[in-house]
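Residue numbers (the numbering used here), protein chains in the order written: chain A, 162 to 546; chain B, 162 to 546; chain C, 162 to 546; chain D, 162 to 546.
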C-alpha cells in the first residue's frame, strides 16, 4: 500500500484520483500510465489517497467526490469512494494571486507561515503519507540553493507555496524517520534547488521534479532528437499552446508565463547541441477549449544539399489526464526507490518524466532515450525484473 | 579512398554525387549526413564515384554533369567534376515497365541476362568499386531465400533488376576476393532475402537494406515509440504521401504501390507491440510537387481516463536529398564494416537506416533507439572512438 | 406539414430523423441547418417522416428507433417517436454489391424491376409523400438523357437503384397529380440527367441534386474562389479524405471511388477559370474513424513577384450530420418551390447545396456566392421575406 | 499615367516597386494582383513611382535600387530602373520608437512638425503625385473625428506619422486642386477617422483604408462566412501568426500588438452575427522566418445533432508581396475613382481590400461577397465594362 497526499485539488489531481479508483474497480484500462505493461513492486491498486490540500474556498471542506463532480462530472463517471476524503486547507502564499478565485491559505488563517508549516507537519504525522504530489497552480518561484536562506524565507513567510510544502514534508520525514517522496509536477524549482534536494537527502527521502513532461514539450524533445540524429540543421522552432483550463488562465499572468517559458526552452540546446531561434511558450487562454488544449508547431531545417524541409505538428490533447497518468507511475516508482534507499533527487527518473529534470544543471535528453536509460536503472536496482 | 558505383542515375544518385562533390570543395555543410559530427575512419572527401548504371536512353552515354543539369540544374549548382563519369547501360528486366520513358537493358542489348551479368562482372573487375548503391526506381520483386532458386531465375532472365545486380556484385566480390558493400536503398528485398545474404556472406561482403528510411516512415516509428512509452492506446493511423518525382509516378502503378505499402506497415506492430488499423501508403502522384513531397498524418489514441487525443503531422520535404544524405554515411560505414571483416547483412546498421531492415524476420525499432544501438556497436568494433 | 419518405436508412437518414425529432421537442438547437435563421414557409416542426426504404436485411422490418439505436445509440439520444415508422424493402439493383452486408431488393423479391416499381408507386399513393430523400450508398450510375432509353433500362432491370426510384417517384407524381420533390444527395446523376429532369418537369415536380455538398468540397470551392479573387495562380491541389463509415467502405471499391472523383474535380476549373493539377478523391477506409472523417488538403500558389505560398487544411468532421442538416432545408425549400410551381431542377438551389449541381452542364460556383444568389431568388419568389 | 509617392520604403514598398517594374518589362505575370484579369481604365504599366519617404538613416538618400538590393537582393532580381528614385526624409513622430534602427524624422531635422508638414506640401507640389501609399511600420495611433482637434495635434507635434502625412496630403490636394488618393495600408485609423475623411472630402480626394487585408484575416473572414451560411455554431477561434520581418518585430512591442489585435478581432461578430471567444493576434517574432510568416488557426463548431467538428489551417505565406499585389490595384482603382469624382472614403473598395474598412463604424463582410459588390459598383460607375 502507498499512502498518497495531494497538494492542489485541481483538474490533474481530480483525474488522478478518478482514474486510480476506476482502475481499482476494473472499469478502466491503464492507458496513459507508462509502465503499466511492466511489473513494478507496487500495483496501481496499491495506491491509496489519504489527504488533499487546497486553498480555494469553494473546495476546502468538500469531498473529492464533490470537487470532481463539479470539475469533470459531465465528462467522466465519478466513483463514490471519493466521498471519503475531504479537502484540507493548505498553503497559499499568493500562489493564486491575480486569478478570479476566492482563496485563503493556512498561513493566513493561523497568522504566520511557521505556524502553518508546524500544523502541516502535525497533520502529516497523523495521516502518514508516503508520497506527496504537488500539482498546485503554476506560481512564481525561485531556487535557494542554500538551506539557511530557505529556512529564513520560511520564517519570514516570503517564499513560494511549493517551497513551504517541501520544507514541511522534509521536516515530517526527518522527525518521523519515514522515507518519503515529493513529486513536484509544476515548474517551481524544487528538484533543481540544492537546498530542497539537501533537505530530502538528509531525511533519506527523494524529491522528483520539476514540471511533469506532458503535451508538446516531450514530443518536441523527441522530434529534435530525430532531426539531430540525421544532422539536419534546425533553422527555427515555433510552438504555440492554447487552452482553457486554470493553468492557461494562470499563465496569462505574465510572470507565470515566464516560469513556463524557461522550462520549455531548455530542451532546444540540450538536445540539438546548438541553440537555434525558437518561440516556445504557452500562448493564450481560450475558455471553450477547456482542458483539451490546441498545440501548433512549426519546425524547419536544412537538409542535404542545402535545401529546406518543413514540419508542422498540430495536436488536440487532454492536458490534465496526460499528467495524471504519469503521476500514477511516479508514485509507484518513487516509493519503490525509497524502499531501495535512493535519496536526494533521481536524475534518470526526472529525465523521462519531467520537463526540467533536477538536480540543478542537469540536461534534458530525448524522452525515447531517457526511457530506456530509466528502464536499465530500474533493472539494476532490482525494481524491474 | 572508397570507390563507389551507382545503380540508377535518378534524382537520389544525382543529389548524392552533387552533394559529395560540393562538400569536397568546401561549398556545402554536410547537413543531412547523420554521422558528420563524428569521426569515422573515412571522411566524406574519401568518396570517389567510379561508375554509374542506368537503362534510360536519355541518360546512357551522358555524363553525370549532363544528367544533373537536366534534373536539378534550376535548383542546385552542378560541379564540373561530374563531367568525367558517364552513365553505362545497366539491367532493366522490366523494372521501368509502364512508365513513360524510353528504356533498354543490357540484357536486351546482349540477348540474355547471363551475358549481361557476365559483362557487368567484367566491368566491375576493371572499375574496382568497393561500394555499390542501388537507387533504381521501385520495382516489383520477391525474395528467393534459396541460392539455387535465385541462380535459376538469373539463368532464365526472370528476376528483378535488383537481384540481377546483387548476383553480379557477389560474383565480382567472390572472384576477385575484394570485400564489397551493396547498399539497397529501394524496397526490393535483398537484405531480407536469405539467398542474397548468403551469397554476400560467402564473398566476405555485406548487403545493407532494404529501402532507405527517409521521410515519414522513420518519423512515424519515433512517434509511435513516443506513444508506446506512455502506454497510450493508438486507435488508428492514417498517413498520406503525395509527390511529383519518378518514384511517385512509379508507385501510381498498383503493383509497385503494394511494394511500398508492405514496407511501411511493418513498423506499426513492431513498435507498438500490437497491430492497430492503419492506412500507410504512397497515395498519389501530383507532378507540380516535384521532389518535394507533401505528407499528412493523423494519429489518435486513448489517454488516461479513457479520453481521446489527436495528433496531425504535415510535412513538406525534399525526398531525394534526404536519402542521398543517408547514403553518404552508409557508404562510409559500410566500407568500414568490411574492413573489420563484418559480412552478411548488418542488422544494427539496417535498423537505423532502412525501412525494412534485413535479415528476414528482423524487427523494426524506433529510430532514436536504433541510433544509439548503432553507435554502441560501432564503438565496440573500433569504428567510432 | 411536409410528408417525407427516405430512400436508404443509413447514417445520414438516421441523423436526419433524430435531429428533426429532437428539434421538434425543443431538445436541440438547429445548428447545421443553413436557413434556420430565416423564416421559411415551412418550419422544421412541419417535417413528418412517413416512410423509409432500405435493402439491408438487418434493417428491413425494423423500426427507425431500432436502426438508430444500433447505428448511433452510443452517441445520441434516440427519440421514442421513431418507433412508429418501419423500414420497408426498397430497390437494390446491385447498389450494395461487394459490400459486407446481407441485402435483397424488392426487384429480387418480386422477380423483376417493373413489378418492384409498380409496387413502390402503389405504396407511395397510400403514403402520400411530398418529398423523397435519396441517401442510399454511393453506387455506380450513368446518366441517360433520353427518356426512352431510361424506360427500356427500367424494363430490362438494368439501371441504378437511384434511377429506378426516380422513375417510380415521377410516375407517382404524374398519376396522382401531386407535385413532389426528389432530393438526390448522392453522386448518381439524376439532376444532371436530362431524362430524369424531363420526367419531373412533366409531373410538375422537381429533382434536386446531385451529391450533397458537405465536407471538404464546398470548403475547397470557397478557398479556390478566395484565391481566384486575388489572382493567385494555383500550382496544385491535393485533398485526402479518410473515414470509417459505409460510404468510405463503399468507395474502397474502385468503380464507386471513380463516381466520387468525377464529382469532386469539377470544381477546380469551374471556379479558378483554368485547370490545374489536382488529386481530389476519397482516399481510404479506416474503420475506427467511424463517421468522423479526417481530411487533409494542400494548396499552393504563385503570389505577387513570383513567390510561392502554401496552405494546409486539416479537418476532423462528422460526415453524416453535416448532410442531414442540409437535408432539413432542402426538404423545406424544395416543398416551397413546388408550391410556387417551380419544376424540373432548380439550379440555384443545387448550386449551393450540391457538389455536382444539375442540370447537365451547369457550373460549380463558390458556395459563398451561390448562397446569396439563392437568397435573392427565394426572395424574388416570395419564399423569403 | 499615375504618379505614385510611397510613405515607408520597407519590404512592402520594395516588393511593390520591383513587381511593377518587372511587369512593365514583361518579366513577370501579374499574379497576386486581384483585378489583373479585368480591363481597368489604367494598366499596371501606367504606374509611375515619383517619390519615396522614410526615416531610417540607412535608407534616406539611397536609391530604391540600393534599398531593394539590401532587403530582397538574394530573393528577387532588382530592376536597374529603380536607381532613379531616391528616398527622401519623412515624418517620424516616434513611429519607430523602441525598434533597433537609427531613425530621424523631418520634424526633428526642421525643429517642429508644422515646418515638416509645410516642407512636404512644397515637395508634393513639385512631384505632383496622384496617389500616396502609406506602408510605414505599424505605429500606435488614435482617431480624432474632429478636424480642429487634429489640426491642434499637428501644431503641437503630438500625433501619429500617418496623421501627419494625411494632413499634408489633404493640404496639398486642396491647395493645388489636384484630386488625390491616400491608400492607408497600415492599422492607424485614417479612413475610420471622421476628421481625416472630412479633410479629403473637402479636397475632392479619397482616403482608402485601413490596414491592407492580406494573410490570415481575409481568409478567416471567408471561412467564418462559410460556417455562418451553414448555421454552424462556432465555439472558439484561435489564430496564431509568427514572422521575422520588421512588422512582426514592431508588434512584439505590446502597444503596437494591440493596434493589430483590435483590427483583426472585429471580423468575428461582423460576420458570424454573434461574438464567440477568440484569440486572434500576431503572436511572436522569429527572425529566421523572415517575410514568410507561419500562420496556424483552430476553429471548431457545433454541427447538426450537437456534434463537434474541427478545422485546422496552417499557412506559410509571403507577407509583403501579398500586400504589394493589392496595392497595384488600389492605386489603379483609387485613381479611377477620383476621375469619377468619388470623394471621402469608398466603403466598397475598403470592404474587399482592408482589414478595418472605413468609414467609422463600417462593418466587415466576407471578402468573397465584398468582391462581387465591388465589381458591381465599379461597373455602375463605368470603371469596369
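We put the beta carbon where it would ideally sit given N, CA and C, even for glycine.
All values reported here derive from a predicted model rather than from experimental measurement.
Check: Boundaries (first-last residue) of the alpha helix (DSSP H) holding residue 530/C; Outcome: 528 to 541
Check: Exposure of residue 391/B, with buried meaning 16 or more beta-carbon neighbours within 10 Å; Outcome: buried
Check: In chain order, each alpha helix (DSSP H) run of at least 4 residues that lies wholly inside the region 492 to 523 of chain B; Outcome: 508 to 514
Check: Residue 111/C - DSSP class collapsed to helix/strand/coil; Outcome: Because chain C is modelled from 162 through 546, residue 111/C falls outside the range shown and cannot be assessed.
Check: Distance CB(residue 397/A)-CB(residue 525/A) smaller than 8 angstroms; Outcome: no
Check: Interface partners of residue 224/C on chain B, CB under 8 angstroms; Outcome: Neighbours of residue 224/C on chain B: none; closest Cβ ~31 angstroms, over 8 angstroms.
Check: Cβ-based neighbour list, residue 195/D, same chain, cut-off 6 angstroms, excluding 5 preceding and 5 following; Outcome: 490
Check: C-beta contact flag for residue 264/B and residue 217/B at 8 angstroms; Outcome: yes
Check: Cutoff 8 angstroms: residue 399/A Cβ touching any chain D Cβ; Outcome: yes
Check: Any C-beta of chain D under 8 angstroms from that of residue 241/A; Outcome: no
Check: Closer than 8 angstroms to chain A by CB, residue 204/B; Outcome: no
Check: Interface partners of residue 522/B on chain C, CB under 9 angstroms; Outcome: Neighbours of residue 522/B on chain C: none; closest Cβ ~28 angstroms, over 9 angstroms.
Check: Nearest candidate by alpha-carbon position, reference residue 469/B, set 394/B, 373/B, 386/B, 310/B; Outcome: 394/B
Check: Chain-ordered neighbours of residue 396/B on chain C, where CB pairs are closer than 8 angstroms; Outcome: 449
Check: Cβ neighbours of residue 185/B in the same chain (closer than 6 angstroms, five flanking residues each side left out); Outcome: 206
Check: Integer Cβ distance of residue 473/B from residue 473/D, believed to fall under 8 angstroms; Outcome: 7 angstroms
Check: Contact check, residue 401/D vs residue 457/A, beta carbons under 8 angstroms; Outcome: yes
Check: Closer than 9 angstroms at the beta carbon, the chain B residues around residue 430/C; Outcome: Going along chain B, no residue has its Cβ under 9 angstroms from residue 430/C, so there is no contact; the nearest lies around 16 angstroms.
Check: Distance, residue 543/A Cα to residue 353/B Cα; Outcome: 38 angstroms
Check: Residues of its chain near residue 230/C, where Cβ-Cβ distance is below 7 angstroms and the 5 sequence neighbours each way are ignored; Outcome: 239
Check: Cross-strand partners of residue 403/D (DSSP beta bridge); Outcome: 445/D, 455/D
Check: Residue environment, residue 187/C, which counts as buried when at least 16 other CB atoms sit within 10 Å; Outcome: exposed
Check: Contacts that residue 170/A makes with chain B (C-beta to C-beta distance below 8 angstroms); Outcome: Here the premise fails: no neighbours, minimum Cβ distance about 16 angstroms.
Check: Cβ of residue 438/C within 8 angstroms of any chain D Cβ; Outcome: no
Check: In DSSP terms, what residue 217/C is bridged to; Outcome: 264/C
Check: DSSP-derived helix/strand/coil call for residue 239/C; Outcome: coil
Check: Reduced DSSP secondary structure (H/G/I, E/B, other) of residue 231/B; Outcome: helix
Check: Distance, residue 538/D Cα to residue 546/D Cα; Outcome: 11 angstroms
Check: Proximal chain F residues relative to residue 455/B, where beta-carbon distance stays under 7 angstroms; Outcome: Although the question refers to chain F, the structure presented lacks it and instead comprises the protein chains A, B, C and D.
Check: Against chain B: residues of the region 466 to 499 of chain C by CB proximity under 8 angstroms; Outcome: 471, 473, 475, 477
Check: Cutoff 8 angstroms: residue 547/C Cβ touching any chain D Cβ; Outcome: Here chain C has residues from 162 to 546 only, and residue 547/C is not among them.
Check: Sufficient close CB pairs (3 or more, under 8 angstroms) joining the region 503 to 520 of chain C to the region 369 to 379 of chain C; Outcome: yes
Check: Distance, residue 202/A Cα to residue 242/A Cα; Outcome: 25 angstroms
Check: Residues near residue 493/C by beta carbon distance below 6 angstroms, same chain, minus five either side; Outcome: 201, 203
Check: Which of helix, strand or coil DSSP assigns to residue 367/A; Outcome: strand
Check: Inter-residue spacing [alpha-carbon to alpha-carbon] between residue 208/A and residue 181/A; Outcome: 8 angstroms
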